[in-house]
Structure formats: structure tokens, C-alpha cells
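Peer 1: Residue numbers (the numbering used here): 5 to 635.
Structure provided below as C-alpha cells; questions to follow.
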Amino acid sequence: MDILRKVREYREEQETLKWEGTLEDYLELLKERPYLAQSAHSRVYQMIQDQGIEEIDGHKQYNFFKDQIFGLEESLERLIEEYFHPAAKRLDVRKRILLLMGPVSGGKSTLVTLLKRGLEEYTFTDKGAVYAIKGCPMHEDPLHLIPHHLRAEFEQDYGIRIEGNLSPLNVMRLEEEYKGRIEDVLVERVFFSEDKRTGIGTFSPSDPKSQDIADLTGSIDFSTIAEYGSESDPRAYRFDGELNKANRGMMEFQEMLKSDEKFLWHLLSLTQEGNFKAGRFALISADELIVAHTNESEYRSFISNKKNEALHSRMIVMPIPYNLKMSKEEQIYQKMIQESDIKDVHIAPHTLKVAAMFTTLTRLKESAKGSISLLKKMYLYDGQTVEGFSDTDVPELKKEFNDEGMSGIDPRYVINRISSTIIKKEMNSINALDVLRSLKDGLDAHASISKEQRESYLNFISIARKEYDELAKKEVQKAFVYSYEESAKTLMDNYLDNVEAFCNKSKLEDPLTGEEMQPDEKLMRSIEEQIGISENAKKAFREEILIRISAYARKGKKFDYQSHERLREAIQKKLFADLKDVVKITTSSKTPDEQQLKKMNEVVATLIDEYGYNSTSANDLLRYVGSLLNR
5 MDILRKVREY
15 REEQETLKWE
25 GTLEDYLELL
35 KERPYLAQSA
45 HSRVYQMIQD
55 QGIEEIDGHK
65 QYNFFKDQIF
75 GLEESLERLI
85 EEYFHPAAKR
95 LDVRKRILLL
105 MGPVSGGKST
115 LVTLLKRGLE
125 EYTFTDKGAV
135 YAIKGCPMHE
145 DPLHLIPHHL
155 RAEFEQDYGI
165 RIEGNLSPLN
175 VMRLEEEYKG
185 RIEDVLVERV
195 FFSEDKRTGI
205 GTFSPSDPKS
215 QDIADLTGSI
225 DFSTIAEYGS
235 ESDPRAYRFD
245 GELNKANRGM
255 MEFQEMLKSD
265 EKFLWHLLSL
275 TQEGNFKAGR
285 FALISADELI
295 VAHTNESEYR
305 SFISNKKNEA
315 LHSRMIVMPI
325 PYNLKMSKEE
335 QIYQKMIQES
345 DIKDVHIAPH
355 TLKVAAMFTT
365 LTRLKESAKG
375 SISLLKKMYL
385 YDGQTVEGFS
395 DTDVPELKKE
405 FNDEGMSGID
415 PRYVINRISS
425 TIIKKEMNSI
435 NALDVLRSLK
445 DGLDAHASIS
455 KEQRESYLNF
465 ISIARKEYDE
475 LAKKEVQKAF
485 VYSYEESAKT
495 LMDNYLDNVE
505 AFCNKSKLED
515 PLTGEEMQPD
525 EKLMRSIEEQ
535 IGISENAKKA
545 FREEILIRIS
555 AYARKGKKFD
565 YQSHERLREA
575 IQKKLFADLK
585 DVVKITTSSK
595 TPDEQQLKKM
605 NEVVATLIDE
615 YGYNSTSAND
625 LLRYVGSLLN
635 R
């Protein structure tokens, strides 16, 4: 790629988006595109909407967050439907600080960063375009120039409601530079940028003794006092605080509840009235979304203090718990690994899944109903089939605890342990056992884990190990069966012949003698039992298979080994059970004979080609499964 050419093309493209004109020109734009005058909250909401929405399992999923935030679909739906949507409609909720509250590494900062980066990009689009009074350090809304006595009439003509007053600096500029002629005031298109401090601000609390309120509201430029003669002259003031620079967009208030009170009280007027006090000026209007985040313990401490009631009443608190879906947790690890320097290390299949099992178990709470274990609850939350339960049980289980997911092991711990394992052992391939071992070793050094929690977490590691044992055996089973695929197909054809005869109450013909035979009940049951089909359920299962065969025939399709997932699983298990002794011998023999070695190589090749292993992890898996089968 010619990177410099790409940079030039991008720069030229940005140049074409620039616009400058008078207020009169801007009003002409508004007649055609009234959405240009939308509020900060509306702009954020539209940005998310424009990316598209899907409905999955009864919940809205927003493409804006896709591939970036995993397992927080319900929290995001609540955030958008209960905050951004009504705020965009100018309902009272927009006069509240949005406080994201949740455990460390739960996605709060990622969510805010996505909104900030999204806004930056959105202002380069037609729908997200932002226009401001040229030369204004607060990139003020040009419609503030419209006099108050004409605003009702303006709303009737344009369908746009104007809120806010002209800032002190622009009041002076209007009189001195434009002689009061608002129609001549220059307007320009602006593009949000956190780096350039345009439309996006970030405030992070530091030592209260040294941090100045000017970081939020701007400060006096003492070098200009002699020139302008007064501290109350707007030209002698730097409108460069985070609240000034975040006007028209959003401001992130990091670890908000760690801030000194004087900083928090400044937000009261801004959220409720849309203005704040700076220097020796009248109140300054600002239209911005304030997003803060904190952890649960700091939030509890904050609300227990009666002095904070006024500020608390001006907050919308959105819990952002840890993800509780195992498969989504695995995606989080995949994303974190892709963003790291360990992405070139081979990670054997199921490694991240087993780590996700452990972390998800640490975040779940035991149901008082007692009929469901944490393991079953984990699978049920993940959308998997759990005997005796259905999807309809999930909402009831979630209602049982309001704070489920607000504690447990965070994703960073898992990635840190994976990284530690790779770096210490200089490994180029890791598997589930390596990671489980590392997770266990790291618990002793985890400062925030109590002795009771450690015992509980060790138990979860043990549960994850047992689940991995089953996964490993199934993986080898599939690889061996793949090598015996012709045997699997023959066994299936034999089963289907017997099922057809059973359902039609007919007999089979012996291929050698030509004699008529009854359907082989022993063969059919030996296969059906592999997937838990009871004696009472066998007839319904066999009829279901026959119906599926008929449906395929009507469509002109052939019913084969891949056509029925449960039957395929049963055939694989039956074949593997018959081959178990072969597997034991092949995987545990120190001096395998030529036939065993050939079979071993075939299985290793299958694991590499079909299931994503490399040579090291495939051989490790075979040895491990061999040891399991020999126990």
C-alpha cells in the first residue's frame, strides 16, 4: 500500500467537507436539512441508530457496538432506550449526568471510548455535521444569535427549538466585529476531535489540593489584563476548560466520584439548566452529554452521604456488569489477544472457552431454587440446551439477583495469566491445561481475593477442567471417527434400514442368505443410548428420523451423515465406543507398530486440517486423552 498516497487522498477528501458562510447561508442549509440543528444527545442517539439495529432473542442489538462490546446487550439496550432515546426527544432525562457503574474491566471505558470515537467520525458525515460560529473557542451553536423575542416565530417557520444564550465572548464580537448584524456573522463546519479538543472533552481527577476548577471552566489570561483592562472582559478569559471544549458533543468524567466536591457541584447547573458559571461572567450556555463512570463501592459510599443527595438526584445510574455469557467472554479474549503482541502464538481450540467457563462461573450466584447448578446456569445463560430447563427460565433466574455480574474475575486477569504463561515458558503454543494451571497459580498473587473466594475459585477451575476433559475426548472422538468416516456412514445406513423396517412394521432381507429378519433392536438401541434416548422415547425418535428422510426426499435431497445433528452425534459416540480400545492403544503405546503409527498420523492430520490444532497441540491432546482413557 502506498501509505503517503492514501494520506493525501484522505486529506483531500477532508478538505471537500469544509464549509464556511454567513448565518444567512446557514439558515438556508437548515431549511433543507433541519437535523443539522440537533442537540448533543440527539446526535449521539442518531449516530447509534444510523449504524442499524437487529433483534436477536428478544433483545435489540446495536451494530454500533458490534465486534467491540460483548455480552452486554441487555445493558446497552437499557442505556439507549432509557437514556439516549428520551434524551434525544428533549425529555427531562437529558438533564441528568449519565453515570456508568460497574466492576473493573467490565467495559465502561470501552463504551465511552466507542462513543467518543464514533462522534468524531459521525461529524464527517452529512447527518452528523456540526456548524458553529467561526472563531468561537466553544464552537457555539449559530442559532444562539437569534434574539429571544424571535425564537417562537423561528420555531414555527423552521420547526427548530432554540435553547441557550449567546456566550459573553460572542456577545462582544457581535457588537464590535459585526456591528450587531447577526446575518453577517461567519459560520463554519467543525469536526469533533478529542486530540484537538473540539466537541469532546475528558476530565480526570487528580490531587484536590493542586487541581484547579479552571480545568473544567477555563481561566483568566493574565497576560491580557493590561491590554483589556478588566478580568471581566471576555477577551481576557481562556474558554479552554473541558466543559467549554466539550460543548456540542460529550465530556467523559473519569472516576467521577473520586473528584473533589467543588468540581461536582459545577455539574448541577450544567445538567439541570444547560449552563455553568465561569469567571466574572453571566452563566455560559453549553449543550453536552456528560458521561461519568465509577465502581460499585465508590458509588455506595457516595449515595450514603446525605450531602450528595442533590447531585445524586441529577444522575441516571446505569449498571454495567460483567458479561455472563461464556461464548461472549471467549470473544472478549479473542479481541484482546488480537490487539496484543501474543496474537501470533498458537492457542489450541477450546483454550479460551475453558478460561471463559472459569471466569463466568466466578460471576454467577447460586440460585435459591436449588434445582440448577452454577454450571447448568452458565450453559443456560449462554443459550445452550440444558435438560429440565428452557429459555423461558432465564429471565426468572436473572430477576433473582440485581447484582449478578457485579463481582468476579475480570477479563484482564485471564489475559495477564495467558501472557505470563507464554513469556515465562517462551511457548509458541498453549492449550487449555496450560491456561488453567496459570489461572490457578495466579490466584495466590491476586490481592483482592479473600481466602473463601480462593477456595471457591479453585473449585471453579476444577469444574472447568472436568468440562475440558469431556471436550477433549469428544474432539479426539470426532477426529478418529473422521478417519473411520466410511465406517460411520455404513453404520448409519444400517441403522436407517432398521429404523425404516421398524416404523413400517416390515422385515429386512439378509444380504448374504436372502432370509427375512426382524429389525435389529439391539443395534438401534446401542446407537440411541449414546445420546440418552430412553426406551419410552425410542419410537418417537425413530419416527422423527423417518419424517426427516421423507422431507429430504420430497425436496429431491439426499439424507446423509450430516443431515441430523443428534443422530450424527449418536453414530460418532457409538463408533468411538467401539474404537475406544484402539484409541487407548494408539495414544498410549510408547512403541506403536506401523498400523498404529499410521492411524495416529491420520488423526493428528485431521485435528490440524479440520479442527484448528497445530502439530504440538494435536499431539498434546492425543496424549492427554490417552491418559484419560487409561485411568
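Idealized CB from N, CA, C, for every residue including glycine.
As the structure is a prediction and not an experimental result, all values here were calculated from the model.
1) Can you say whether Tyr326 is buried or exposed, counting buried as having 16 or more other CB atoms within 10 angstroms of its CB?
2) With H, G and I counted as helix, E and B as strand and the rest as coil, what does DSSP make of His143?
3) Any chance the stretch 564–578 sits against the stretch 492–506, with 3 or more Cβ pairs inside 8 Å?
4) Going by the CB atoms, is the gap between Gly253 and Leu123 shorter than 7 Å?
5) Hey, would you say Ile259 sits closer than 7 Å to Pro323, going by beta carbons?
6) Any idea if Glu334 is buried or exposed, counting beta-carbon neighbours within 10 angstroms, 16 or more meaning buried?
7) Measuring CB atoms only, is the stretch 344–359 touching the stretch 418–431, in the sense that at least three cross pairs come out at less than 8 Å?
8) Restricting to Cα atoms, I'd like to know which of Gln215, Glu157, Ala92 and Thr26 is closest to Arg47.
9) Relative to the C-alpha of Tyr303, which candidate in Thr517, Ile7, Pro107 and Leu95 has its C-alpha closest?
10) Could you give the DSSP three-state label for Ile351: helix, strand or coil?
11) Check whether the Cβ atoms of Tyr461 and Thr363 sit closer than 7 Å, and answer yes or no.
12) Could you give the distance in angstroms between the alpha-carbon of Leu8 and the alpha-carbon of Gly222?
13) I think Val480 touches Val629, with their Cβ atoms under 8 Å apart; what is that distance to the nearest whole Å?
14) Are there three or more Cβ pairs, one per stretch, closer than 8 Å when the stretch 123–136 is compared with the stretch 188–197?
15) Considering just the uninterrupted stretch of the beta strand (DSSP E) at Glu59, what are its terminal residues?
16) Indicate the three-state DSSP secondary structure (helix, strand or coil) for Phe88 in the structure shown.
17) Which partner residues does Ile204 have in the DSSP bridge list?
18) Where does Thr396 fall in DSSP's three states?
19) Mind checking who Thr298 pairs with in its DSSP beta bridge?
20) Assuming Thr20 is part of the alpha helix (DSSP H), what are its boundary residues?
21) For my contact list, Leu379 and Ile465 are in at a C-beta cut-off of 8 Å; report their separation, rounded to the angstrom.
22) Only counting the same chain, and skipping five residues up and downstream in sequence, which positions put a Cβ closer than 8 Å to that of Asp345?
23) Figure out for me which residue from Ile419, Arg627 and Lys373 has the closest Cα to the Cα of Leu401.
24) Assign Pro515 to one of two classes, buried (16 or more other C-beta atoms within 10 Å of its C-beta) or exposed (fewer than that).
25) For Lys561, verify whether its CB is less than 6 Å away from any heavy atom of the ligand PLP.
26) Drop a sphere of 10 angstroms on the beta-carbon of Gly110, count the other beta-carbons inside from all chains shown, and report buried for 16 or more, exposed for fewer.
27) Are the beta-carbon atoms belonging to Glu533 and Lys542 less than 7 Å from one another?
28) Does His153 pass the burial test, meaning 16 or more other C-beta atoms within 10 Å, or should it be called exposed?
29) Taking the continuous alpha helix (DSSP H) assigned at Tyr499, which residues delimit it?
Peer 2: Considering the structure as presented:
1) Looking up residue 326 in the sequence shown gives position 322. Counting Cβ neighbours within 10 Å, Tyr326 comes out buried, since at least 16 surround it.
2) Reading the sequence shown from its first residue, position 139 is the one you call residue 143. Here His143 sits in coil by DSSP.
3) yes
4) Taking the sequence shown and counting its residues from 1, the one referred to as residue 123 is at position 119. Taking the sequence shown and counting its residues from 1, the one referred to as residue 253 is at position 249. Yes. Within cutoff.
5) Against the sequence shown, residue 259 aligns to sequence position 255. Against the sequence shown, residue 323 aligns to sequence position 319. Looking at the sequence shown, residue 259 is not Ile but Glu. Cβ distance not < 7 Å, so Glu259 and Pro323 don't count as in contact.
6) Translated into the one-based positions of the sequence shown, residue 334 becomes position 330. Buried: at least 16 other Cβ atoms inside 10 Å.
7) yes
8) For this step, residue 47 is matched to residue 43 along the sequence shown. Comparing Cα positions, the closest option is Ala92.
9) Taking the first residue of the sequence shown as 1, we reach residue 303 at position 299. Measuring from the Cα of Tyr303, the nearest candidate turns out to be Pro107.
10) In the sequence shown, the residue the question calls residue 351 occupies position 347. Strand, per DSSP.
11) One-based indexing of the sequence shown puts residue 461 at position 457. One-based indexing of the sequence shown puts residue 363 at position 359. Not a contact, by the Cβ cut-off of 7 Å.
12) Translated into the one-based positions of the sequence shown, residue 8 becomes position 4. Translated into the one-based positions of the sequence shown, residue 222 becomes position 218. Roughly 38 Å between the two C-alpha positions.
13) Translated into the one-based positions of the sequence shown, residue 480 becomes position 476. Translated into the one-based positions of the sequence shown, residue 629 becomes position 625. Between Val629 and Val480 the Cβ distance is about 4 Å, and since that is below 8 Å, they are a contact.
14) yes
15) Counting from one through the sequence shown, the residue named residue 59 turns up at place 55. Taken as a continuous stretch (DSSP letters only), the beta strand (DSSP E) holding Glu59 covers Ile57 to Ile60.
16) Here residue 88 refers to the residue found at position 84 of the sequence shown. Residue state, collapsed to three classes: helix.
17) By one-based count along the sequence shown, residue 204 stands at place 200. Partner(s): Met254.
18) For the purposes of this step, residue 396 is taken as the residue at position 392 of the sequence shown. In this structure, Thr396 counts as coil in the three-state DSSP scheme.
19) As a first step, residue 298 must be located in the sequence shown, where it is residue number 294. According to DSSP, which records beta bridges pairwise, Thr298 is partnered with Met105.
20) For this step, residue 20 is matched to residue 16 along the sequence shown. Per DSSP, Thr20 belongs to the alpha helix (DSSP H) from Ile7 to Leu21.
21) Counting from 1 along the sequence shown, the entry for residue 379 is found at position 375. Counting from 1 along the sequence shown, the entry for residue 465 is found at position 461. Rounded, the Cβ-Cβ distance is 13 Å, inconsistent with contact.
22) The sequence position of residue 345 within the sequence shown is 341, counting from 1. If we look at Asp345 and ignore the five residues flanking it on each side, it has no Cβ neighbours.
23) On the sequence shown, position 397 is the one that residue 401 refers to. Of the candidates Ile419, Arg627 and Lys373, the one whose C-alpha sits nearest the C-alpha of Leu401 is Lys373.
24) One-based indexing of the sequence shown puts residue 515 at position 511. Exposed, since its Cβ has fewer than 16 Cβ neighbours within 10 Å.
25) Ligands in the displayed structure: none, and consequently the ligand PLP is not present.
26) Numbered from its first residue, the sequence shown carries residue 110 at position 106. Burial call: buried.
27) In the sequence shown, residue 533 corresponds to position 529, counting from 1. In the sequence shown, residue 542 corresponds to position 538, counting from 1. Result no, Cβ atoms of Glu533 and Lys542 do not sit closer than 7 Å.
28) For this step, residue 153 is matched to residue 149 along the sequence shown. Result: exposed.
29) Residue 499 sits at position 495 when you count from the first residue of the sequence shown. Segment Glu489 to Cys507, the alpha helix (DSSP H) holding Tyr499.
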